[in-house]
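Colleague:
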Amino acid sequence: MKKIIRKITNCPISINLLIILMAFYQATILNMSYYKQVLAKLPLDSLANISFFLSMPLVVFCVNFIVLSLLINKWLVKIVASALILISSICSYFMFKFGVMIDRSMLQNILETNSAESSSLITFELFNYILLLGILPAVLIILVKIKTVKIDLYFIFKQVIIVLITFLLVGLIVLVFYESYATFMRNNNKIIKYLLPSNYISAIYKQYQFEKYKNQPFLTIGNDAYRSNTDLHSINNKTVVVLIVGETARSQNFALNGYSKDTNPFLTKRNDIISFKNVSSCGTYTAFSIPCMFSNMTRKNYDESLAPRQENVLDILNKVKINVDWLDNNTGCKGVCARVQNNNITKKYLASNSQLCQDGICYDEVLINELANKLNDIDEDSLIILHMLGSHGPNYYQRYPARFKQFIPTCDTNQINNCDLVSLVNTYDNTIVYTDFIINQTIELLQKKQFNSMVIYLSDHGESLGENGLYLHSFPYSIAPEQQTLVPFIMWISNPYANLNNINIQCVKQHSKQVLFSHDNLFHTLLSIFDVQTKEYNSSLDILNDCKITR
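Residue numbers for the sequence shown follow my numbering, beginning at 915 and rising by one.
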């Protein structure tokens, strides 16, 4: 190896040859994931399709060549080419292994992932992949000697001519295959998010544009809010609602929703559980879904740049003197709880060396422990949010204690693409069993108290478990599979709360089976639960509105 490297680095080459080699490498090896996706949608059953497919790497090569040729300076070419190859090798691994797309949402998801979650993605396989496809080529680029070139008018003129010829070649290819490109890209308009390096360059630029909005004026909402039935809210009639925000749970794996495996061994034994079977998420990743589900904006009109600089339903509840407390065992509330009480439970239990924690993460039972303490001290109407670690991948096997390993064999690795489907789904299903336990424990805690209480469980998004070659989540919503967008929504309403607020529980159960709901309903339902009146409230989006008994 040393002899080969020495031979390569001791043999000077022209800057144009280096650019050609780098453009070829980027257009072929590093973009295998892109061509894999293309071949899944483009059958090579005709000469026209074969020719069209072969034109793609040529176009990618030409575009990369043009961009690098504009740099002129050999060290600038080396630095830029090395950086692109390193980043592309990392992206290529995750796209090839997990089928993920690289766009702004994925970039934000990466930026908001904590060290414990990100470390679970770092494997020996990843290191080898980056070493062979990224680090070694980048080192060779830096070490290779470039022939000295006098940058004068002749050199610049020659480079311009080369770039123009390459540009004309791209134009000729597009002209010949225009109909094929237009049709294919129109029918598969998201596939471009697999193309390196344009996908992550575009994502970085869009993230920059998004960050600029953070300095815009902060907007308040619900300043007119008040509680309508003040006579109900006394010391003897405290309303306590626990909202459990699930993580990465998909509806189809809940026995309550018809799943064949008993993933809800606790809740299916109860006759007071309401499970909404057709509920769609606002997004496919936490950093999008959490702010959206607590916002007054619906998914269709949701403005991701506006949400961080505008109040949400927790702020409105706080304004009418409802105690709001966010308990987090995940990666934070994404700004939603910034103006109410919030506690990082993970950090607290890690510092105490709790047996419920390992490898920088804690089982969700830490939330139950904290909730028990909170319920002992409540003296006012309260909303307590439990943000679970839930079923977050790829380390599904680390999301539940050993006693919840109900389904075997399991996939006890973070390299989930190497596991067979049965083992992977079993492991994921075990996380749902543990979630079922957490929900039931929450209900039992409240049943022991003399509160008008409710428990709501709602996941932020779903998860792909190898269906159609896709894993994890964060796919663009418009083309995301239903495994990532259909989420479980469970409700428990105590009899004291139902009687005091005239709620027909049987009506709610009937609605849960027949009506389509979404994250859009949470904002307005929470206002309704606490009898909050404001112009922000929309009764048509209140899940309980049609089931209130008029007396």
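Think of the CB as a built atom: it goes at the ideal place given N, C-alpha and C, for glycine as much as any other residue.
For clarity, every value in this text was computed on a predicted model and none was experimentally measured.
How is Arg1223 classed by DSSP in three states: helix, strand or coil?
Modeller: Here residue 1223 refers to the residue found at position 309 when the sequence shown is read from its first residue. Arg1223: helix per DSSP, three-state reduction.
Colleague: Quick one: give me the first and last residue of the alpha helix (DSSP H) that Asn1244 is part of.
Modeller: On the sequence shown, residue 1244 is found 330 positions in, with the first residue counted as 1. First-last for Asn1244: undefined, no H or E at that position.
Colleague: Locate the alpha helix (DSSP H) running through Tyr1007, then write down its first and last residues.
Modeller: Translated into the one-based positions of the sequence shown, residue 1007 becomes position 93. Taken as a continuous stretch (DSSP letters only), the alpha helix (DSSP H) holding Tyr1007 covers 988-1012.
Colleague: Following the continuous beta strand (DSSP E) through Ile1472, name the residue where it begins and the one where it ends.
Modeller: No information on residue 1472 is available, as it lies outside the stretch 915 to 1465 that the chain covers here.
Colleague: Can you give the beta carbon distance from Asp870 to Phe1444, rounded, assuming they're within the 8 Å contact cut?
Modeller: Limits of the chain in this structure are 915 at one end and 1465 at the other, which puts residue 870 out of reach.
Colleague: So for Gln1255, helix, strand or coil by DSSP?
Modeller: Residue 1255 sits at position 341 when you count from the first residue of the sequence shown. Gln1255: strand per DSSP, three-state reduction.
Colleague: Excluding sequence positions up to five away, which residues of its chain have a Cβ less than 8 Å from the Cβ of Leu958?
Modeller: Counted from its first residue, the sequence shown places residue 958 at position 44. Correct list, in chain order: Ile964, Phe967.
Colleague: In the DSSP output, what is Lys1059 paired with across the bridge?
Modeller: For the purposes of this step, residue 1059 is identified with residue 145 of the sequence shown, where counting begins at 1. DSSP output for Lys1059 lists no bridge partner at all.
Colleague: Answer with buried or exposed for Trp1406, where buried requires no fewer than 16 other C-beta atoms within 10 angstroms of its C-beta.
Modeller: Counting from 1 along the sequence shown, the entry for residue 1406 is found at position 492. Per the 10 Å Cβ criterion, buried.
Colleague: Return the CA-CA distance between Glu1279 and Glu1358, expressed in angstroms with no decimal places.
Modeller: In the sequence shown, counting from the first residue as 1, residue 1279 sits at position 365. In the sequence shown, counting from the first residue as 1, residue 1358 sits at position 444. Their Cα atoms are separated by approximately 14 Å.
Colleague: Whole angstroms is fine: what's the gap from Asn1210's alpha carbon to Val1446's?
Modeller: Position 296 of the sequence shown, counting from 1, holds the residue named residue 1210. Position 532 of the sequence shown, counting from 1, holds the residue named residue 1446. Cα to Cα, Asn1210 sits roughly 14 Å from Val1446.
Colleague: Measure from the alpha carbon of Ile1346 to the alpha carbon of each residue in Thr1177, Arg1141, Gln940, Leu1083, then state which is nearest.
Modeller: Your numbering for residue 1346 matches position 432 in the sequence shown. Of the candidates Thr1177, Arg1141, Gln940, Leu1083, the one whose C-alpha sits nearest the C-alpha of Ile1346 is Thr1177.
Colleague: Which residues does DSSP pair with Met1405 in a beta bridge?
Modeller: Stepping through the sequence shown from its first residue, residue 1405 is reached at position 491. DSSP lists Ile1188, Ile1370 as partners of Met1405.
Colleague: Nearest to Asn987 by alpha carbon, out of Lys955, Ser1034, Leu932, Ser1266?
Modeller: Here residue 987 refers to the residue found at position 73 of the sequence shown. Nearest of Lys955, Ser1034, Leu932, Ser1266 to Asn987, Cα basis: Leu932.
Colleague: Buried or exposed: which applies to Gly1013, given that a residue is buried once 16 or more other Cβ atoms fall within 10 Å of its Cβ?
Modeller: Residue 1013 sits at position 99 when you count from the first residue of the sequence shown. When all chains shown are included, Gly1013 counts as buried.
Colleague: What first and last residue would you give for the alpha helix (DSSP H) that runs through Ser1337?
Modeller: As a working mapping, residue 1337 is identified with position 423 in the sequence shown. Counting along the chain, the unbroken alpha helix (DSSP H) around Ser1337 starts and ends at 1335-1361.
Colleague: Is the distance from the Cβ of Leu1285 to the Cβ of Tyr1277 below 8 Å?
Modeller: Taking the sequence shown and counting its residues from 1, the one referred to as residue 1285 is at position 371. Taking the sequence shown and counting its residues from 1, the one referred to as residue 1277 is at position 363. No. Outside cutoff.
Colleague: Count the other CB atoms within 10 Å of the CB of Asp1456; is the residue buried (16 or more) or exposed (fewer)?
Modeller: Translated into the one-based positions of the sequence shown, residue 1456 becomes position 542. Answer is buried; the Cβ neighbour count reaches 16.
Colleague: Between the stretch 926-941 and the stretch 973-984, are three or more C-beta pairs nearer than 8 Å?
Modeller: yes
Colleague: Under the rule that 16 or more other beta-carbon atoms within 10 Å means buried, what is Trp989, buried or exposed?
Modeller: Your numbering for residue 989 matches position 75 in the sequence shown. Under this definition Trp989 is an exposed residue.
Colleague: Measure the CB-CB distance between Asn1416 and Lys1362 and report whether it falls below 8 Å.
Modeller: Residue numbering aside, residue 1416 sits at position 502 when the sequence shown is read from its first letter. Residue numbering aside, residue 1362 sits at position 448 when the sequence shown is read from its first letter. It is not a contact, given that the beta carbons lie outside the stated cut-off.
Colleague: Drop a sphere of 10 angstroms on the beta-carbon of Gly1160, count the other beta-carbons inside from all chains shown, and report buried for 16 or more, exposed for fewer.
Modeller: Here the question's residue 1160 lines up with position 246 in the sequence shown. Burial check for Gly1160: the Cβ neighbour count within 10 Å reaches 16 or more, so the residue is buried.
Colleague: For Thr1349, count the other beta carbons within 10 Å of its own beta carbon; 16 or more makes it buried, fewer makes it exposed. Which is it?
Modeller: One-based indexing of the sequence shown puts residue 1349 at position 435. It counts as buried.
Colleague: Taking Leu1297 as part of the beta strand (DSSP E), name the residues at either end of that continuous run.
Modeller: Within the sequence shown, the letter at position 383 stands for residue 1297. 1296-1301 is the extent of the beta strand (DSSP E) around Leu1297.
Colleague: Judging by CA-CA distance, which residue of Phe975, Phe1202, Leu961, Cys1005 is the nearest neighbour of Ser947?
Modeller: Here residue 947 refers to the residue found at position 33 of the sequence shown. Nearest of Phe975, Phe1202, Leu961, Cys1005 to Ser947, Cα basis: Cys1005.
Colleague: Classify Asn1256: buried if its beta carbon has 16 or more other beta carbons within 10 angstroms, exposed otherwise.
Modeller: Translated into the one-based positions of the sequence shown, residue 1256 becomes position 342. Taking every protein chain shown into account, the CB of Asn1256 has 16 or more other CB atoms within 10 angstroms, so this residue is buried.
Colleague: Just to confirm, is the Cβ distance from Asn1331 to Tyr1385 under 8 Å?
Modeller: Within the sequence shown, the letter at position 417 stands for residue 1331. Within the sequence shown, the letter at position 471 stands for residue 1385. Yes, these two residues count as a Cβ contact at 8 Å.
Colleague: Measuring alpha carbon to alpha carbon, tell me which of Ile927, Asn945, Lys950, His1425 ends up nearest Asn1382.
Modeller: In the sequence shown, residue 1382 corresponds to position 468, counting from 1. Looking at the Cα atoms, Lys950 is the closest of the given residues.
Colleague: On the DSSP bridge list, what partners appear for Phe1431?
Modeller: The sequence position of residue 1431 within the sequence shown is 517, counting from 1. According to DSSP, Phe1431 bridges with Val1193.
Colleague: Got a sec? Which residues, its chain only, sit under 6 Å from Gln1166 by beta carbon, not counting five neighbours each side?
Modeller: For the purposes of this step, residue 1166 is taken as the residue at position 252 of the sequence shown. Same-chain partners within the cutoff: there are none.
Colleague: Give the DSSP bridge partners of Asp959, in chain order.
Modeller: As a working note, residue 959 is residue 45 in the sequence shown. None, per the DSSP bridge assignment.
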